[in-house]
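Written below as structure tokens is the structure these notes are about.
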Amino acid sequence: MSMAYGDFVVQRDISFCLHKGEILVVMGGSGCGKSTLLKHMVGLRPPSGGKVIYWGEDFWSLDEEARARILRRVGVLYQSGALWSSMTLAENVALPLRELTNLGQEEIREMVSLKLALVGLAGFEEFYPSEISGGMRKRAGLARAMALDPEVLFFDEPSAGLDPVSARRLDELILELRDSLGATILVVTHELASIFTLAENSIFLDSEAKTMIAQGNPRELLAESTDPRVREFLTRGGSAQAGLCLGACPGDREGKEGR
Amino acid sequence: MDPEQGKNPATRPQARLSRNQDGTLGVRLLGEWKLGDTLPSEQEVGQEILGASGRGPVHLDCKDLGHWDSSLISFVRKLEVFLREKGLELEKTGLPQGAQRLLRLASAVPERKETRKLTGGKSLLFRMGQRAVDAWQGSYEVAGFLGELTLAMGRLIKGKARFRFSDLLLVMQRCGVEALPIVSLISFLVGLILAFVGAVQLRIFGAQIFVAALVGIGMVRVLGAIMTGIIMAGRTGAAFAAELGTMEVNEEIDALRTLGIPPVEFLVLPRLLGLSLMMPLLCAYADLLGILGGLTVGVAMLDLNVQEYLRMTQDSVKLSYFWIGLFHSLVFGVLVAFTGCLQGMRSGRSASAVGQAATSAVVRGIVSIIMATAVLTYLCELLGI
Chain V
42 MSMAYGDFVV
52 QRDISFCLHK
62 GEILVVMGGS
72 GCGKSTLLKH
82 MVGLRPPSGG
92 KVIYWGEDFW
102 SLDEEARARI
112 LRRVGVLYQS
122 GALWSSMTLA
132 ENVALPLREL
142 TNLGQEEIRE
152 MVSLKLALVG
162 LAGFEEFYPS
172 EISGGMRKRA
182 GLARAMALDP
192 EVLFFDEPSA
202 GLDPVSARRL
212 DELILELRDS
222 LGATILVVTH
232 ELASIFTLAE
242 NSIFLDSEAK
252 TMIAQGNPRE
262 LLAESTDPRV
272 REFLTRGGSA
282 QAGLCLGACP
292 GDREGKEGR
Chain L
1000 MDPEQGKNPA
1010 TRPQARLSRN
1020 QDGTLGVRLL
1030 GEWKLGDTLP
1040 SEQEVGQEIL
1050 GASGRGPVHL
1060 DCKDLGHWDS
1070 SLISFVRKLE
1080 VFLREKGLEL
1090 EKTGLPQGAQ
1100 RLLRLASAVP
1110 ERKETRKLTG
1120 GKSLLFRMGQ
1130 RAVDAWQGSY
1140 EVAGFLGELT
1150 LAMGRLIKGK
1160 ARFRFSDLLL
1170 VMQRCGVEAL
1180 PIVSLISFLV
1190 GLILAFVGAV
1200 QLRIFGAQIF
1210 VAALVGIGMV
1220 RVLGAIMTGI
1230 IMAGRTGAAF
1240 AAELGTMEVN
1250 EEIDALRTLG
1260 IPPVEFLVLP
1270 RLLGLSLMMP
1280 LLCAYADLLG
1290 ILGGLTVGVA
1300 MLDLNVQEYL
1310 RMTQDSVKLS
1320 YFWIGLFHSL
1330 VFGVLVAFTG
1340 CLQGMRSGRS
1350 ASAVGQAATS
1360 AVVRGIVSII
1370 MATAVLTYLC
1380 ELLGI
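So the protein lines, in turn, are chains V and L. For the record, in the first sequence the residue sitting at position 87 is 128 according to our numbering, with numbers rising by one throughout. For the record, in the second sequence the residue sitting at position 199 is 1198 according to our numbering, with numbers rising by one throughout.
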């Protein structure tokens, strides 16, 4: 896939595969096109070249209805949560259920309460987004993204703007959801702590080279990559930060028990 | 994901009661559990369990369970609550590992009861009281805003006001030049309508020429200013409210406050000055276009000639009328800018609150224009001008 704004090429020749049940992190410095890549993948903006293939179907060659059908199997958590500010948290989570399923009022209410409980927001149903903290807004955004039990979840900078403890909790929640729901997850981030906590696989976009310059498990990239750009990024410009992140990560995530 | 799956009896979600050898009861969960499919009712399953009068705990058996999603978790949660109320425990170890983890996650953070809001109906008396308190607090806010604005004006006069001159010029451009097309259209048509309506009556007495006086006095003294005021309330007042409301939502106004820059000075002053300076100019322009509209009817319908019409207009419209009209427009400019900025600054932090602020700015702007016209007309009457 290639990405461009008019004549300005953001990235070219990006090719990667997101496997079922995997967490893939898209990393890279600011302005390298991570969020643009996400927009191409979630149907907000067609790429300037190439394809996005979902379950064997070329997404951008489909008609609008078929694209909407695919997007129903996908959930997105936006950087700021992107909750609808004039609706309560319950209404935010209920909207996709009400509009896209044939569930009754009582079932929707129960489902909303379940999804909010899953993200630790039980009892906050009647709150408006402006009345809760940034971390809670993100979790509420996640509850909305999960409303329709999507098979693929996209996260745009999930830990940006959160304190380290909240960021860590959100990362753990993402892992827990993957392990219990068996969801496939793509995370766009440049937070090293999140990268080392979440990623099993990653791609590294570089704004200078305008393409993907590395791919693989970030821990392995840190240990083995000889590319100075990748090393500089993963060691935070050569500081001890990367080591700290690695030490803080749950070392063992074996024994995943999905469906 | 295929919606047809749920309709197949073999894959339909089912919950069947069974009795284990040790006398405990079990619930066998079968089929595909998908959102949107008709699920077994936890009430019915619960009643069946109670009717079977077995011993607890009740075990869940998922050996024949197909694909599942949140609908299964929801069912188990409801069944557990139902059974617990009846004194029976639900043993969930038979559930798939993923489902068990989700259930643990959902109950990991207990609901904080104190956070739950009271959303039940409130009494009429309570709501009336709430409205009265809100109105009283609202009047405080208006007075506070007026006070801040007065202080800002004071600093402006001393030359110490902090705002960007380029902002003032931008507001003047938006309220002035960019408003010309709509002001032209409306004023010309108002002049035209006034002449039409007047002509019907005046023609009966052969006094068509007085259409020029009617249109001239009407437009110059008050109508030019009112029409311009209403246009600007709908166009610029709403824009001010929406702009400042969005800034409030994005915490841009907070950012100014924390920098020690008074938002009223930086944001409201240029808007108030810009609109107040442009309004008299727009009003004079509207007067001219209104007279032109009347002239068009006079010449085309009433067979008056242009010189005759203009002379009549000149004779009947005193210069003081023109100044009165301009003064009206100045007052309207201040009122429209004031209500627009006030509503924007008081806006809540949501998309609908910004919409409400814009609506409120237009409605209050127009109401204040009409009320100010009534007061000014009465004052002119008292002063004999």
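Even for Gly, the Cβ is constructed at its ideal location relative to N, Cα and C. Quick caveat, the model's predicted, so the values are computed rather than measured.
Rounding to the nearest angstrom, what Cα-Cα distance links Ser1183 (chain L) and Gly1228 (chain L) in this structure? So the alpha carbons of these two residues sit roughly 13 Å apart.
Measure from the alpha carbon of Glu147 (chain V) to the alpha carbon of each residue in L:Glu1041, L:Glu1247, L:Gly1030, L:Leu1382, then state which is nearest. L:Glu1041
Would you give the residue range spanned by the beta strand (DSSP E) that Ser1122 (chain L) belongs to? Counting along the chain, Ser1122 (chain L) falls outside any beta strand (DSSP E), and DSSP gives it neither H nor E.
I need the straight-line Cα distance from Phe1209 (chain L) to Met1311 (chain L), nearest angstrom please. Cα-Cα distance, rounded: 7 Å.
Kindly say whether Asp1068 (chain L), judged by its beta-carbon, lies nearer than 8 Å to any beta-carbon of chain V. Asp1068 (chain L) counts as touching chain V.
Helix, strand or coil: which one does DSSP assign to Asn258 (chain V)? DSSP places Asn258 (chain V) outside both helix and strand once states are collapsed to three, so it counts as coil.
My understanding is that Val1263 (chain L) touches Glu1140 (chain L), with C-beta atoms under 8 Å, so please give their C-beta distance in whole angstroms. With a Cβ gap of about 12 Å, Val1263 (chain L) and Glu1140 (chain L) do not count as contacting.
At a Cβ threshold of 8 Å, is Tyr169 (chain V) touching chain L? yes
Arg1076 (chain L), enclosing alpha helix (DSSP H) - first and last residue: 1069 to 1084
Residue(s) in a DSSP beta bridge with Asp247 (chain V): V:Thr252
Decide if the stretch 1123 to 1135 of chain L is in contact with the stretch 180 to 190 of chain V; the criterion is three or more beta carbon pairs, one per stretch, under 8 Å apart. no
Residues of chain V with CB closer than 7 Å to the CB of Lys1077 (chain L), please, in chain order. Glu151
In the stretch 1009 to 1043 of chain L, which residues sit with their C-beta less than 9 Å from some C-beta in chain V, listed in chain order? Lys1033, Leu1034, Gly1035, Leu1038
Distance, Cα to Cα, Ala1373 (chain L) vs Pro1261 (chain L)? Whole-angstrom Cα-Cα distance: 34 Å.
With distance defined between alpha-carbon atoms, name the residue in L:Leu1034, L:Ala1254, L:Leu1274 nearest to Ala1178 (chain L). L:Leu1274
Rounded separation between Gly1217 (chain L) and Gly84 (chain V) - CA only: 57 Å
Under 8 Å between C-beta atoms, does Met1000 (chain L) make it to chain V? Its pLDDT being 40, under 50, Met1000 (chain L) is placed unreliably in this model, and the coordinates cannot settle the point.
What residues from chain V crowd round Ala1105 (chain L), counting only those whose CB sits closer than 7 Å? Leu155, Ala158, Leu159
Using 8 Å as the limit for Cβ to Cβ distance, is Leu144 (chain V) near chain L? yes
If I follow the unbroken beta strand (DSSP E) through Val50 (chain V), where does it start and stop? 49 to 52
Closest by CA to Ile1225 (chain L), which one among L:Phe1326, L:Gly1093, L:Glu1110? L:Phe1326
Which of helix, strand or coil DSSP assigns to Met42 (chain V): DSSP places Met42 (chain V) in coil when its eight states are reduced to three.
Could you name the residues of chain L that Gly90 (chain V) contacts, counting a contact when the two beta carbons are closer than 7 Å? For Gly90 (chain V), there are no C-beta contacts with chain L under 7 Å, since the nearest C-beta of that chain is about 30 Å from it.
Determine, using beta carbons only, whether Gly1297 (chain L) and Leu1288 (chain L) come nearer to each other than 8 Å. Cβ distance not < 8 Å, so Gly1297 (chain L) and Leu1288 (chain L) don't count as in contact.
Scan the stretch 1169 to 1228 of chain L and note each continuous beta strand (DSSP E) run of 3 residues or more that stays entirely inside, going in chain order. none
Determine the direct distance from the alpha carbon of Phe57 (chain V) to that of Tyr119 (chain V), and round the result to whole angstroms. 22 Å
Whole-angstrom distance between Trp1067 (chain L) and Val1044 (chain L), CA atom to CA atom: Going by the C-alpha atoms only, they are around 19 Å apart.
Closer than 8 Å, CB to CB, is Asp48 (chain V) near chain L or not? no
List the residues of chain L that Glu249 (chain V) touches, going by C-beta distances under 7 Å, in chain order. Near Glu249 (chain V) there are no residues of chain L at all, since even the closest Cβ is about 32 Å away, more than 7 Å.
Can you give me the C-alpha to C-alpha distance between Phe274 (chain V) and Asp268 (chain V), rounded to a whole angstrom? 10 Å
Taking Leu1082 (chain L) and Ala1051 (chain L) to be in contact with their CB atoms under 8 Å, please state how far apart those CB atoms are, rounded to whole angstroms. That belief does not hold up - the Cβ atoms of Leu1082 (chain L) and Ala1051 (chain L) are roughly 12 Å apart, past 8 Å.
Which residue or residues does DSSP assign as beta-bridge partners of Trp1032 (chain L)? L:Trp1067
Which residues does DSSP list as the beta-bridge partners of Ser1017 (chain L)? L:Gly1025
Can you say whether Ile94 (chain V) is buried or exposed, counting buried as having 16 or more other CB atoms within 10 angstroms of its CB? exposed
What distance in whole Å lies between the Cβ atoms of Val1316 (chain L) and Val1176 (chain L), which are believed to be in contact at a cut-off of 8 Å? The Cβ separation is near 26 Å, so there is no contact.
State the start and end residues of the unbroken beta strand (DSSP E) segment that holds Gly1093 (chain L). It is not in any beta strand (DSSP E) - Gly1093 (chain L) carries neither H nor E in the DSSP assignment.
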